Amino acid sequence: MPPRKKLSRRTANPQFESRLSLLPLELRQEIYRHLFEDTVVVLPRRSSANRKGLSRSPPFLFTCRGFYLEAVDFYYKHSIFQIQHTRQNSQLPCLPKWLKQIGKKRAAVIKEIRVAPPIGEEKEWVEVITGKSGTPKAARDCCELAEWTIERAKYWVEKASGVQPLAEGVLKSRLKGRRIVSKSVGEGSDEPPSEVEVWTAKPKEYLKKWEEDNAKIC
Numbered sequence: 070m071p072p073r074k075k076l077s078r079r080t081a082n083p084q085f086e087s088r089l090s091l092l093p094l095e096l097r098q099e100i101y102r103h104l105f106e107d108t109v110v111v112l113p114r115r116s117s118a119n120r121k122g123l124s125r126s127p128p129f130l131f132t133c134r135g136f137y138l139e140a141v142d143f144y145y146k147h148s149i150f151q152i153q154h155t156r157q158n159s160q161l162p163c164l165p166k167w168l169k170q171i172g173k174k175r176a177a178v179i180k181e182i183r184v185a186p187p188i189g190e191e192k193e194w195v196e197v198i199t200g201k202s203g204t205p206k207a208a209r210d211c212c213e214l215a216e217w218t219i220e221r222a223k224y225w226v227e228k229a230s231g232v233q234p235l236a237e238g239v240l241k242s243r244l245k246g247r248r249i250v251s252k253s254v255g256e257g258s259d260e261p262p263s264e265v266e267v268w269t270a271k272p273k274e275y276l277k278k279w280e281e282d283n284a285k286i287c
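Numbering-wise (my numbering), the sequence shown opens with residue 70 and increments by one.
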């Protein structure tokens, strides 16, 4: 029996013939990058319907096999993945399972995985600029909790077998709060508070910089 001819992607997938597929490859790749760049993908929590807590690929990747083969690496390289951490029903064990599911090659190109601090334990960092120096205890508590969250996520990834180690700085946690500028007496009312949400891989370094910046303001 003569060997079977290898079908091209377009022959095997007539649906790949679309306006997008007619564009040059370089332009399609630029579209994929813009499509996924900084898109936050929340990894699902474990539930009765999803006991493993694993994420599914976005619908676009299932429109056609040709698009999937071209765009899937852009999805993992440019998206931001986020996991909600709870101590009672921790999502952290799901992280290495998900990394193992997507494979070492794709795990190696991930630029950012956000791990939210435990639900119910995250404290709001109220940054009050009053002209007085010093670091509020709430700020230190926020940074310590964020640091602990990152270390726990690293622990679960490193203890798992067959999982691609994450690059330095990929795992980040959140510092959340409000910035309030309090004016001196006689200068009018305080400015409206501004919301602050920072995702950082190095909470302690962020705190140190905040202390330095606050000292300059004071």
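Idealized CB from N, CA, C, for every residue including glycine. Keep in mind that this is a model prediction, so the values were computed, not measured.
Task: First and last residue of the uninterrupted beta strand (DSSP E) at residue 151 - done: 149-153
Open item on the list: Please state the DSSP three-state secondary structure of residue 183.
Closed with: strand
- [ ] Please report the residue range of the beta strand (DSSP E) in which residue 213 lies.
- [x] Unbroken run through residue 213 is the alpha helix (DSSP H), 206-228; no beta strand (DSSP E).
TODO: Under 8 Å Cβ to Cβ from residue 123, same chain only, skipping five residues before and after it: list those, please.
DONE: For residue 123, the pLDDT reaches just 49, beneath the cut-off of 50, and the residue's location in the model is therefore unreliable, although a value from the coordinates is still provided. If we look at residue 123 and ignore the five residues flanking it on each side, its Cβ neighbours are 112, 113, 163, 166, 167, 170.
TODO: Using alpha carbons as the reference points, say which of 144, 206, 134, 173 lies closest to residue 108.
DONE: 144
Open item on the list: Give me the residue from 246, 276, 184 with the minimum Cα distance to residue 224.
Closed with: 184
Task: Beta-ladder partner(s) of residue 269, from DSSP - done: 242
Task: Pick from 88, 172, 89, 94 that is closest to residue 230, judged by C-alpha positions - done: 172
Open item on the list: Can you tell me where the beta strand (DSSP E) holding residue 110 begins and where it ends?
Closed with: 109-111
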